[in-house]
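Asker:
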Amino acid sequence: MEGLAIRASRPSIFCSLPGLGGDPQRRPPADGFLNFPASSNAADKTKLVVSSGSFHPISAVNVSTQASLTADFPALSETNVKEERINGEKKADNIVWHESSICRCDRQQLLQQKGCVIWITGLSGSGKSTVACALSKALFERGKLTYTLDGDNVRHGLNRDLTFKAEDRTENIRRIGEVAKLFADVGVICIASLISPYRRDRDECRSLLPEGDFVEVFMDVPLSVCESRDPKGLYKLARAGKIKGFTGIDDPYEAPLNCEVVLKHTGDDFSSSPRQMAENIISYLQNKGYLEG
Numbered sequence: 001m002e003g004l005a006i007r008a009s010r011p012s013i014f015c016s017l018p019g020l021g022g023d024p025q026r027r028p029p030a031d032g033f034l035n036f037p038a039s040s041n042a043a044d045k046t047k048l049v050v051s052s053g054s055f056h057p058i059s060a061v062n063v064s065t066q067a068s069l070t071a072d073f074p075a076l077s078e079t080n081v082k083e084e085r086i087n088g089e090k091k092a093d094n095i096v097w098h099e100s101s102i103c104r105c106d107r108q109q110l111l112q113q114k115g116c117v118i119w120i121t122g123l124s125g126s127g128k129s130t131v132a133c134a135l136s137k138a139l140f141e142r143g144k145l146t147y148t149l150d151g152d153n154v155r156h157g158l159n160r161d162l163t164f165k166a167e168d169r170t171e172n173i174r175r176i177g178e179v180a181k182l183f184a185d186v187g188v189i190c191i192a193s194l195i196s197p198y199r200r201d202r203d204e205c206r207s208l209l210p211e212g213d214f215v216e217v218f219m220d221v222p223l224s225v226c227e228s229r230d231p232k233g234l235y236k237l238a239r240a241g242k243i244k245g246f247t248g249i250d251d252p253y254e255a256p257l258n259c260e261v262v263l264k265h266t267g268d269d270f271s272s273s274p275r276q277m278a279e280n281i282i283s284y285l286q287n288k289g290y291l292e293g
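The letter at position 74 of the sequence shown is residue 74 when you use full-length UniProt numbering, and the numbering goes up by one with no holes.
#1: Just mark LYS128 as buried or exposed, buried being the case when its beta carbon has 16 or more other beta carbons within 10 Å.
#2: Buried or exposed: which applies to ILE95, given that a residue is buried once 16 or more other Cβ atoms fall within 10 Å of its Cβ?
#3: Determine the DSSP secondary structure at LEU20, reduced to helix, strand or coil.
#4: Do the CB positions of ARG202 and THR146 come within less than 8 angstroms of each other?
#5: Based on Cα-Cα distance, which residue from SER207, VAL221, LEU209 and ILE191 lies nearest to GLY267?
#6: CA-CA distance, SER273 and LEU158?
#7: Could you tell me which whole alpha helix (DSSP H) segments of length 4 or greater appear in the UniProt domain "APS kinase" (114-264)?
#8: Give a yes or no on contact between the segment 211-227 and the segment 278-288, applying the rule of three or more CB pairs nearer than 8 angstroms.
#9: How would you call GLN108, buried or exposed, if buried means at least 16 neighbouring beta carbons within 10 angstroms?
#10: How many angstroms separate the CA atom of ALA132 from the CA atom of ARG199?
#11: Suppose you measure from the CA of GLY187 to the CA of LEU135; what does that come to, to the nearest Å?
#12: Which one of ASN153, GLN113 and THR130 has the shortest CA to CA distance from LYS144?
#13: Roughly how many angstroms lie between the CA atoms of ALA180 and GLY293, to the nearest whole one?
#14: Counting C-beta neighbours from all protein chains within 10 Å, is the total for ALA192 16 or more, i.e. buried, or is it exposed?
#15: Using the rule of at least 16 other Cβ atoms within 10 Å of the residue's Cβ for burial, across every protein chain shown, is ASN172 buried or exposed?
#16: Below 8 angstroms on the Cβ atoms is my contact criterion, and I expect residue 322 with CYS190 to pass it. Report the Cβ-Cβ distance as a whole number of Å.
#17: Given a threshold of 16 other Cβ atoms within 10 Å of its Cβ, counted over all protein chains shown, does PRO252 qualify as buried or as exposed?
#18: Would you call LEU285 buried or exposed, if buried means 16 or more other Cβ atoms sit within 10 Å of its Cβ?
#19: Is CYS205 near SER124, with beta carbons less than 8 angstroms apart?
#20: From GLU167 to ARG174, what distance separates their C-alpha atoms?
#21: Return the chain-ordered list of same chain residues with a C-beta closer than 7 angstroms to the C-beta of ARG229, the five sequence neighbours on each side being excluded.
#22: What's the C-alpha gap between GLN276 and ILE102?
#23: Return the residue from the list PHE246, GLY177, THR247 and GLY248 that minimises the CA-CA distance to ILE119.
#24: Determine the DSSP secondary structure at SER273, reduced to helix, strand or coil.
#25: Would you say LEU234 and PHE246 are within 8 angstroms of each other, going by their C-beta atoms?
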């Protein structure tokens with residue numbers, strides 16, 4: 001870095017020191033930038049005097065390309081911290097959690113319910129979204145506040161930059177898990193409905209929440225049934241080789257080993273109806289005290 005350029009928020013800033021364009025009557029450039037040449041002495045600091053009382057004196061200092069910008073310019077720290085997180089480099093050590101004056105128990109008392117995450121997993125076509133909608137409606141009718149994070153819906157916004165490659169699918173699950181955690185902390189019953197085929201990813205989301213607040217619901221529906229439904233025509237495309245890495249066809253689905261609720265497809269119109277499946281989940285929530293303040 002050969003010098004330092006400071007942008008003036010008003011065109012009334014000028015420098016009155018010799019060697020820095022020292023004509024006191026000289027107006028700043030039209031582009032609003034004041035350019036300071038680098039000094040040959042790295043220890044030399046040149047004071048900048050501002051003509052407007054709304055500005056405070058600042059210093060222009062020489063900064064080499066090897067110098068730490070955040071050490072001399074704290075205003076740049078947040079930018080660098082953000083870049084380190086996004087680029088997956090070392091985590092910043094100057095980020096501190098800011099506690100709220102309203103705790104989770106206060107919000108739960110207000111809502112008369114306990115926040116948790118209902119994580120509905122299963123093959124495409126197993127009925128996850130349908131059951132999620134039925135569950136949300138049934139809880140709403142009981143006066144309970146819910147919010148549904150549907151896998152497809154989230155990819156329209158928060159996760160629209162992600163593909164269906166393995167690493168992106170993992171990131172998709174991670175982001176939804178973090179958002180679901182926030183909803184649960186508010187006191188909302190968050191319903192996450194997405195394939196989430198890998199146990200490792202689901203277990204990572206479980207680990208984000210306090211013990212018991214992650215309720216894994218497995219839609220135990222045979223592949224043949226899901227494929228016969230094929231509401232989006234995706235199985236047909238996968239079988240034709242037009243979609244690669246499709247869960248259940250050429251990519252595995254790892255069924256839960258110790259989930260809280262199993263919704264098994266029996267073929268019976270009543271027990272396999274979305275409403276009845278939703279009631280099965282609600283029974284679990286009632287037994288665990290999540291529908292009370």
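Note that CB positions come from ideal geometry on N, CA and C, so glycine has one too.
Remember, it's a predicted structure, so these values are computed and weren't measured experimentally.
Answerer: According to the structure shown:
#1: Stepping through the sequence shown from its first residue, residue 128 is reached at position 128. By the 10 Å Cβ count, LYS128 comes out buried.
#2: Working through the sequence shown from its first residue, we reach residue 95 at position 95. So ILE95 counts as exposed.
#3: What you label residue 20 is simply residue 20 of the sequence shown in a count that begins at 1. In this prediction, LEU20 has a pLDDT of 45, which is less than 50 and means its spatial position is unreliable; nothing more can be read from the coordinates.
#4: Taking the sequence shown and counting its residues from 1, the one referred to as residue 202 is at position 202. Taking the sequence shown and counting its residues from 1, the one referred to as residue 146 is at position 146. Not in contact: ARG202 and THR146 (Cβ atoms no closer than 8 angstroms).
#5: Within the sequence shown, residue 267 is the residue found at index 267, counting from 1. Per the Cα distances, VAL221.
#6: Start at 1 with the first residue of the sequence shown, and residue 273 comes out as number 273. Start at 1 with the first residue of the sequence shown, and residue 158 comes out as number 158. Looking at the two C-alpha atoms, the distance is approximately 31 angstroms.
#7: Entirely contained in the UniProt domain "APS kinase" (114-264), the alpha helix (DSSP H) runs reaching 4 residues are, in chain order, 128-141, 151-154, 166-186, 199-206, 223-229 and 234-239.
#8: yes
#9: Within the sequence shown, the letter at position 108 stands for residue 108. Buried is the label assigned to GLN108, since at least 16 other Cβ atoms lie within 10 Å of its Cβ.
#10: As a first step, residue 132 must be located in the sequence shown, where it is residue number 132. As a first step, residue 199 must be located in the sequence shown, where it is residue number 199. If you take the alpha carbons of ALA132 and ARG199, they lie about 20 angstroms apart.
#11: Taking the first residue of the sequence shown as position 1, residue 187 is located at position 187. Taking the first residue of the sequence shown as position 1, residue 135 is located at position 135. One C-alpha to the other measures close to 17 angstroms.
#12: Position 144 of the sequence shown, counted from the first residue, corresponds to residue 144. For the residues ASN153, GLN113 and THR130, the minimum Cα distance to LYS144 belongs to GLN113.
#13: Here the question's residue 180 lines up with position 180 in the sequence shown. Here the question's residue 293 lines up with position 293 in the sequence shown. Their backbone Cα atoms lie some 19 angstroms apart in a straight line.
#14: Translated into the one-based positions of the sequence shown, residue 192 becomes position 192. Result: buried.
#15: By 1-based counting over the sequence shown, the position of residue 172 is 172. Flag for ASN172 reads buried.
#16: For the chain, the structure presents residues 1 to 293; residue 322 sits outside this window and is missing.
#17: Position 252 of the sequence shown, counted from the start, is the residue given in the question as residue 252. With fewer than 16 Cβ atoms within 10 Å of its Cβ, PRO252 is classed as exposed.
#18: In the sequence shown, residue 285 corresponds to position 285, counting from 1. With 16 or more Cβ atoms within 10 Å of its Cβ, LEU285 is classed as buried.
#19: For the purposes of this step, residue 205 is identified with residue 205 of the sequence shown, where counting begins at 1. For the purposes of this step, residue 124 is identified with residue 124 of the sequence shown, where counting begins at 1. For CYS205 and SER124, no; Cβs fall outside 8 angstroms.
#20: In the sequence shown, the residue the question calls residue 167 occupies position 167. In the sequence shown, the residue the question calls residue 174 occupies position 174. So the two alpha carbons sit approximately 11 angstroms from each other.
#21: Here the question's residue 229 lines up with position 229 in the sequence shown. Here the set comprises GLY125.
#22: As a position in the sequence shown, residue 276 is number 276, starting the count at 1. As a position in the sequence shown, residue 102 is number 102, starting the count at 1. Cα to Cα, GLN276 sits roughly 37 angstroms from ILE102.
#23: Translated into the one-based positions of the sequence shown, residue 119 becomes position 119. Correcting the residue type first, residue 119 is Trp in the shown sequence and not Ile. Residue GLY177 is the option with its Cα nearest to TRP119.
#24: Taking the sequence shown and counting its residues from 1, the one referred to as residue 273 is at position 273. DSSP places SER273 in coil when its eight states are reduced to three.
#25: Position 234 of the sequence shown holds residue 234. Position 246 of the sequence shown holds residue 246. Their beta carbons are under 8 angstroms apart, which means LEU234 touches PHE246 by this criterion.
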